[in-house]
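What follows is one structure encoded as structure tokens, with my remarks underneath.
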Amino acid sequence: MSKSHYQAPRGTRDILPSEAGTWRWVLNSFADLAKRFGYGQVISPMFEDAGVFLRLGENTEVVSKEMFTFQDKDPKTPQDLALRPELTASICRAFAQHRPITPWKVWYEGPQFRYEKPQAGRFRQFVQVGAEIIGENDPASDVEIISLAWRFYETIGLKHISLLLNSLGDVETRELYNQELLSYLSKNAKGLSEESRDTLAKNPLRVLDSKRKEDLQIIAGAPTIQEFLTDDDKEHFESVRDGLKLLGIPFTVSPRLVRGLDYYTRTTFEFIADKLETAQNAVGGGGRYDGLVEELGGPPTQGIGFALGVDRILLACEAEKLELKNEMPLDAFVVDLTGGSHASQITDELRANGLGADRCFGSRSIKAQMKVADRSGALYAIIVGDDELEKNEVTLRDLRGDGSQEHVPRSDLVKALTASIKERYPQ
Ligand code: HAM
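Laid out in structure tokens, this is it:
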């Protein structure tokens, strides 16, 4: 077969049916959990006025280098639009626009777009799930947000996740710290890598994120923001730590943890998958952003949230050799040796009763149909041949277990299949 010369664009990929069932299961697990925590879903546009995202910080790479921007086609309203690189800014824009009752607890899922250099676990289109609480300052809300993410990793079975925690203080604290850091790093600039010297000029905090060998020693000697926190910041941070301990969520305070986006204040955190390489081991992150809603035209409003990278979570599952569930495994495959009309009726009846069912098209031999049934992953084959028709029954064959089979009256099929699945394949 010759390959099409069209390929998915660089940094993007197709998730095919063999993988998509697992994706749906992961996304549904997050949706279920978020609902259990009392969050409502927001579905916002994939693109916004580019100005919305400029508020993320013009010196962050996400904004300065990685935005997919384009012009509105309407000559009367020339406007720069951008594909969303993340969803927190969109959620804050939506909050400022609709002014819902606070605390506004929301969750979301969907693709984000960043023009990054593609590599393992780093894509130009990637999927996030996330949650935000807008309009709440209680440290208990920080604890709830972090626990939602933590419980999600637990739900899907990941065991090797570390939570790194830091506090960046309020806007003034950060400003003070930034100046101190700038002066320290400038004094040591000669020893820094060329990339970090470049970053230093734009955004000293980001230098702390460098993993380059020549930078590490200088970073280790840098002042930490902890020394600059106000009493209020310290109290808030302590309550968050106590709250996490109360829920039995382990964490490490990481005083040099900085995030790639500029809007963070106070609590910041990152989830690291210990089994992945450093370049793509951040499987989620978030924090407080107490000034962002106001920057987007709303009233002064606090907020906290997180986003988790689903592409990377699946890589982490692979690295931990987890057997992930499928959103909806096929319950039965109907093998009809009498022409096909029974396959139509039986699949229709099973589907109407909430069961997953499939069949072959065209008339094929039993061998060919059984091969497709096996490949489909179905738990059972339901075989209808002349013998079965005569006796008004069907043959139910277990495909995933011991291969045993039984004859079932045609009118009892749904009941018998349901009972058999419950007994042999309990969830
Ligand atoms: P972020 O750290 O930029 O934060 O992204 C969150 C997660 O998205 C990362 O930890 C990673 O798992 C995933 N991710 C980011 N970029 C890529 C990429 N190019 N390819 C694959 N996965 C990627 C935010 O987006 C904030 N909005 C989080 C937040 C919510 N803060 C407060 N509320």
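Numbering that gives the first Met the number 0 puts the first residue of the sequence shown at 0, with every later residue one more than the last.
The C-beta atom is built at its ideal place from N, Cα and C for all residues, glycine as well.
As the structure is a prediction and not an experimental result, all values here were calculated from the model.
Exercise for the section: Give, in chain order, every unbroken run of the alpha helix (DSSP H) that is at least 4 residues long and sits entirely within the stretch 110–180. Expected result: 138–155
Practice task
Kindly list the residues whose CB is nearer than 6 Å to the CB of Q124, restricted to its own chain and excluding five residues on each side of it in sequence; keep chain order.
Solution key: Position 125 of the sequence shown, counted from the start, is the residue given in the question as residue 124. Answer for Q124: T11, P110, F112, listed in chain order.
Problem - Reference P408; option with closest CA among R9, E387, Q426 - result: Within the sequence shown, numbered from 1, the residue matching residue 408 stands at position 409. Closest by alpha carbon: E387.
Practice task
Starting from the C-beta of S3, find all residues in its chain whose C-beta is less than 7 Å away, skip the five residues before and the five after it, and write them out in chain order.
Solution key: Numbered from 1 along the sequence shown, position 4 holds the residue referred to as residue 3. None.
Problem - Span of the alpha helix (DSSP H) around E293 - result: Here residue 293 is taken as the residue at index 294 of the sequence shown, counted from 1. Where E293 is concerned, the enclosing alpha helix (DSSP H) stretches over 291–294.
Exercise for the section: For A139, I'd like the list of residues in its chain whose CB is within less than 8 Å of its CB, leaving aside the five on either flank, ordered along the chain. Expected result: On the sequence shown, residue 139 is found 140 positions in, with the first residue counted as 1. Closer than 8 Å at the Cβ level, and outside the excluded window around A139, lie S238, G242.
Exercise for the section: Please classify Q70: does DSSP put it in a helix, a strand, or coil? Expected result: As a working note, residue 70 is residue 71 in the sequence shown. Three-state DSSP puts Q70 in a strand.
Handout entry: DSSP state of V37 mapped onto helix, strand, coil
Key = Counting from one through the sequence shown, the residue named residue 37 turns up at place 38. Per the sequence presented here, residue 37 reads as Gly, with Val not at that position. Reduced to three states, the DSSP call for G37 is coil.
Exercise for the section: Run the proximity test for A306: is its beta-carbon closer than 7 Å to any non-hydrogen atom belonging to the ligand HAM? Expected result: Start at 1 with the first residue of the sequence shown, and residue 306 comes out as number 307. A306: yes, Cβ under 7 Å from the ligand HAM.
Problem - Per DSSP, cross-strand counterpart(s) of R287 - result: Taking the first residue of the sequence shown as position 1, residue 287 is located at position 288. Partner(s): T264, I303.
Exercise for the section: May I ask whether a heavy atom of the ligand MN can be found less than 7 Å away from the beta carbon of A281? Expected result: Questions concerning the ligand MN fall outside what the structure shown contains, since the ligands it does hold are the ligand HAM.
Practice task
Tell me whether G297 sits in a helix, a strand or coil according to DSSP, three-state version.
Solution key: On the sequence shown, residue 297 is found 298 positions in, with the first residue counted as 1. The answer is coil: DSSP assigns G297 none of H, G, I, E or B.
Problem - Rounded Cβ spacing between Q6 and A119 (contact assumed at less than 8 Å) - result: For this step, residue 6 is matched to residue 7 along the sequence shown. For this step, residue 119 is matched to residue 120 along the sequence shown. Going by Cβ atoms, the distance from Q6 to A119 rounds to 18 Å, so no, they are not a contact pair.
Problem - Three-state class that DSSP yields for E108 in the structure shown - result: Here residue 108 refers to the residue found at position 109 when the sequence shown is read from its first residue. Looking at E108 - three-state DSSP - the assignment turns out to be strand.
Exercise for the section: Out of K72, R54, L184, T101, state which residue places its alpha-carbon closest to the alpha-carbon of S89. Expected result: As a position in the sequence shown, residue 89 is number 90, starting the count at 1. Out of K72, R54, L184, T101, R54 has the C-alpha closest to the C-alpha of S89.
Handout entry: Residue-level contact to chain D via CB, A139, 8 Å cutoff
Key = Checking the listed chains, one finds no chain D in this structure; it contains a single protein chain.
Exercise for the section: Check the DSSP bridge columns for T394 and list the partner residues they point to. Expected result: Numbered from 1 along the sequence shown, position 395 holds the residue referred to as residue 394. Looking at the DSSP assignment, T394 forms a beta bridge with I382, H406.
Practice task
Tell whether a beta-carbon distance below 8 Å holds between L275 and L314.
Solution key: For this step, residue 275 is matched to residue 276 along the sequence shown. For this step, residue 314 is matched to residue 315 along the sequence shown. It is a contact, given that the beta carbons lie within the stated cut-off.
Exercise for the section: Determine, using beta carbons only, whether F36 and E108 come nearer to each other than 8 Å. Expected result: By 1-based counting over the sequence shown, the position of residue 36 is 37. By 1-based counting over the sequence shown, the position of residue 108 is 109. Against a cut-off of 8 Å, the Cβ pair of E108 and F36 comes out as no contact.
Handout entry: R211 burial status per 10 Å Cβ neighbour count (16 or more: buried)
Key = By 1-based counting over the sequence shown, the position of residue 211 is 212. Burial call: exposed.
Handout entry: beta-carbon Y288 near the ligand HAM non-hydrogen atom, thresh 7 Å
Key = The count along the sequence shown starts at 1 and reaches residue 288 at position 289. Flag set: Cβ of Y288 near the ligand HAM.
Exercise for the section: Output yes or no for whether 8 Å exceeds the beta carbon distance between P102 and G129. Expected result: For the purposes of this step, residue 102 is taken as the residue at position 103 of the sequence shown. For the purposes of this step, residue 129 is taken as the residue at position 130 of the sequence shown. No; because the gap between Cβ atoms is not below 8 Å, this pair is not in contact.
Exercise for the section: Label A81 either buried or exposed according to how many other C-beta atoms from any shown protein chain fall within 10 Å of its C-beta, with 16 as the threshold for buried. Expected result: One-based indexing of the sequence shown puts residue 81 at position 82. Buried, since its Cβ has 16 or more Cβ neighbours within 10 Å.
Practice task
Taking Q225 as the reference, give the member of E213, R240, S253 with the closest Cα.
Solution key: For the purposes of this step, residue 225 is taken as residue 226 along the sequence shown, with counting starting at 1. The shortest C-alpha separation from Q225 is found at S253.
Practice task
Ignore the nearest five residues each way along the sequence and tell me which others in E326's own chain have a CB closer than 7 Å to its CB.
Solution key: Here the question's residue 326 lines up with position 327 in the sequence shown. Cβ within range, chain order: G20, R23, W24, N27.
Practice task
Check whether the Cβ atoms of E171 and P222 sit closer than 8 Å, and answer yes or no.
Solution key: Counted from its first residue, the sequence shown places residue 171 at position 172. Counted from its first residue, the sequence shown places residue 222 at position 223. No, the Cβ-Cβ distance between E171 and P222 is not below 8 Å.
Handout entry: Short Cβ contact (8 Å threshold) for F342 with L416
Key = Counted from its first residue, the sequence shown places residue 342 at position 343. Counted from its first residue, the sequence shown places residue 416 at position 417. Reading the sequence as shown, one finds Ala at residue 342 and not Phe. The answer is no: Cβ separation not under 8 Å.
Exercise for the section: Would you identify the three-state DSSP class for G56, choosing helix, strand or coil? Expected result: Sequence index remark: in the sequence shown, residue 56 carries index 57 (1-based). If DSSP states are grouped into helix, strand and coil, G56 belongs with coil.
Practice task
Tell me whether T251 sits in a helix, a strand or coil according to DSSP, three-state version.
Solution key: Counted from its first residue, the sequence shown places residue 251 at position 252. Of the three classes helix, strand and coil, the one that applies to T251 here is strand, per DSSP.
Exercise for the section: Mind the definition here: the stretch 258–274 touches the stretch 296–313 only if three or more C-beta pairs lie below 8 Å; say whether that holds. Expected result: yes
Practice task
Spell out the partners DSSP gives G308 in its beta bridges.
Solution key: Within the sequence shown, residue 308 is the residue found at index 309, counting from 1. Q127, per the DSSP bridge assignment.
Handout entry: Top-ranked residue by Cα proximity to V292, from Q127, A95, S43
Key = Your numbering for residue 292 matches position 293 in the sequence shown. Checked all of Q127, A95, S43; the closest Cα to V292 is A95.
Exercise for the section: Work out the CA separation of A372 and R399 for me, nearest whole Å. Expected result: Walking along the sequence shown from the start, residue 399 turns up at place 400. Walking along the sequence shown from the start, residue 372 turns up at place 373. Cα to Cα, R399 sits roughly 11 Å from A372.
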